[in-house]
Amino acid sequence: MAEGSAVPTASKGSWGSFLKSIASFNGDLSSLTAPAFILSTTSLTEFSAYWSEMPSVMVAPASEKDKQKRCMLVLKWFLSTLKQQYTSRNEKLGSEKKPLNPFLGELFMGKWVDQAGTTELISEQVSHHPPVTAYSIWNKQHGVRLQGYNAQKASFGRTINVKQIGHAVLHIDEYDEDYLITLPALHIEGLITGSPYVELERSTHIVSSTGYTCKVDYSGKGWVSGKKNSFTATMYPNGREKDVIYTAEGQWSDNFVIKDSHKKVVDSYDAKKMTKTPLQVAPIEQQDPLESRRAWSKVAEAINRGDMDTTSAEKSLIENQQRELRKREKEQGSEWQRRFFKRVPNSPHFDAMAHQVPGGSLEADKTNGVWMFDPAMAKAANPSYDL
Ligand SMILES: CC(C)CCC[C@@H](C)[C@H]1CC[C@H]2[C@@H]3[C@@H](O)C=C4C[C@@H](O)CC[C@]4(C)[C@H]3CC[C@]12C
Numbered sequence: 001m002a003e004g005s006a007v008p009t010a011s012k013g014s015w016g017s018f019l020k021s022i023a024s025f026n027g028d029l030s031s032l033t034a035p036a037f038i039l040s041t042t043s044l045t046e047f048s049a050y051w052s053e054m055p056s057v058m059v060a061p062a063s064e065k066d067k068q069k070r071c072m073l074v075l076k077w078f079l080s081t082l083k084q085q086y087t088s089r090n091e092k093l094g095s096e097k098k099p100l101n102p103f104l105g106e107l108f109m110g111k112w113v114d115q116a117g118t119t120e121l122i123s124e125q126v127s128h129h130p131p132v133t134a135y136s137i138w139n140k141q142h143g144v145r146l147q148g149y150n151a152q153k154a155s156f157g158r159t160i161n162v163k164q165i166g167h168a169v170l171h172i173d174e175y176d177e178d179y180l181i182t183l184p185a186l187h188i189e190g191l192i193t194g195s196p197y198v199e200l201e202r203s204t205h206i207v208s209s210t211g212y213t214c215k216v217d218y219s220g221k222g223w224v225s226g227k228k229n230s231f232t233a234t235m236y237p238n239g240r241e242k243d244v245i246y247t248a249e250g251q252w253s254d255n256f257v258i259k260d261s262h263k264k265v266v267d268s269y270d271a272k273k274m275t276k277t278p279l280q281v282a283p284i285e286q287q288d289p290l291e292s293r294r295a296w297s298k299v300a301e302a303i304n305r306g307d308m309d310t311t312s313a314e315k316s317l318i319e320n321q322q323r324e325l326r327k328r329e330k331e332q333g334s335e336w337q338r339r340f341f342k343r344v345p346n347s348p349h350f351d352a353m354a355h356q357v358p359g360g361s362l363e364a365d366k367t368n369g370v371w372m373f374d375p376a377m378a379k380a381a382n383p384s385y386d387l
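Quick look at the structure:
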């Protein structure tokens, strides 16, 4: 074990064996067995909330009349979400844990209520093999809707490398326009010392139906600036990467500036000055049995108590129920009915946007199809939704 290890003394043996085991592991992150002290009590279905913890930043593009500036504000909002997505569980660099693997049909719902009005969230596990989480976040008052889905494909070697499959699409009602967002690849740093954290890799593209593309290049512990979570981004007309309209540069977890083509600063962002709106989630006893916090409550309590026997017994209970359900469906020739999302074989509109990205496609074969939020299904499930 390396010096400065964060692994509890009693867990050093299991961490050592875990590190050896990941070198020979392949494919599905959900089947990775991690030592007890690195298990999180939060399910991946909850991670969809990271897209909108500051609803006013997400709805801001809808109030901008100029289409170039609107696209730039979408880029600014996207960059603002990265801190939540990739470092919020990990403020003291190096405390990332393995999230709970959602079961098919698992739900996570909530809403943010603040100066931007009401922003609703629905997240649903729409596939188990491979694991795929779909989400819909909308603010009716501002006519801004985000939907997307993601799966993770892992490869193991010196560390855990994760490729994200899927995409997010932001829609602005007023202009009937879409912004297709690809998801960054990542890897886990700090495994040797037992203090894992995420580092983003390569790039993200945002392709807009109004004719602009944003490209964000991640440079990890900045070979450009020497600072962690550094990035540079450019916005240009689709397919004309050299005709830069805006640039953005800085640290997505801290602060960044946006400049126009004359290098004049036109906007800036400081994560430290931002306040997150708390997500309102129903009390556990009022939740649907398929809602994440209710379904996993006994597992989460056992993890918090450090009671690993009960943790695995309660986890097995959920897994066995799931196996039973799948067996019954197979016998009846039926399929689990998703509550909010429908599978479509393809989406020509989104597929054309995905093809604007070099080597890009929707990769529907890797996510069990293309998953679309269905407002009619949502209304049927909960008539009080204002869609
Ligand atoms: C620490 C080690 C033992 C286990 C590895 C944990 C690994 C499976 C976790 C760690 C970070 C997780 C990322 C997370 O940073 C954020 C997101 C964004 C969200 O929108 C979709 C899920 C994803 C990619 C998580 C997947 C699971 C990761 C890689």
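Read left to right, the sequence shown gives residues 1 to 387 (our numbering). Think of the CB as a built atom: it goes at the ideal place given N, C-alpha and C, for glycine as much as any other residue.
Heavy atom of ligand 1 within 6 Å of residue i beta-carbon
i, result
"residue 86", "yes"
"residue 196", "yes"
"residue 34", "yes"
"residue 47", "yes"
"residue 162", "yes"
"residue 98", "yes"
"residue 29", "yes"
"residue 411", "The shown model of the chain, from 1 to 387, leaves out residue 411, and the question about it has no answer."
"residue 38", "yes"
"residue 152", "yes"
Environment of residue i [buried if 16+ CB atoms lie within 10 Å]
i, result
"residue 383", "exposed"
"residue 205", "buried"
"residue 262", "exposed"
"residue 215", "buried"
"residue 167", "buried"
"residue 155", "exposed"
"residue 125", "buried"
Local conformation of residue i per DSSP, three classes
i, result
"residue 85", "helix"
"residue 332", "helix"
"residue 319", "helix"
"residue 155", "strand"
"residue 353", "helix"
"residue 372", "strand"
"residue 125", "strand"
"residue 99", "strand"
"residue 309", "helix"
"residue 325", "helix"
"residue 296", "coil"
"residue 141", "coil"
"residue 270", "strand"
"residue 291", "strand"
"residue 282", "coil"
7 Å Cβ cutoff, residue i in contact with chain C
i, result
"residue 37", "Protein chain content of the structure displayed is limited to a single chain, and chain C is not contained in it."
Beta-carbon proximity of residue i to residue j, cut-off 7 Å
i, j, result
"residue 176", "residue 169", "no"
"residue 146", "residue 164", "no"
"residue 54", "residue 276", "yes"
"residue 56", "residue 101", "no"
"residue 60", "residue 143", "no"
"residue 187", "residue 159", "yes"
"residue 11", "residue 35", "yes"
"residue 72", "residue 246", "yes"
"residue 390", "residue 99", "Residue 390 lies beyond the range of the chain shown here (1 to 387); nothing can be said about it."
"residue 150", "residue 119", "no"
"residue 121", "residue 290", "no"
Residue i Cβ short of 6 Å to ligand 2 heavy atom set
i, result
"residue 147", "In terms of ligand content, the structure shown lacks ligand 2 and carries ligand 1 instead."
Quiz prompt | Whole beta strand (DSSP E) elements within the region 169 to 256, 3-residue minimum | solution = 177 to 182, 185 to 189, 197 to 201, 203 to 208, 212 to 218, 230 to 237 and 246 to 251
Practice problem: Tell me the start and end of each unbroken beta strand (DSSP E) in the region 4 to 84 that is at least 3 residues and wholly inside, in chain order. | Solution: 39 to 43
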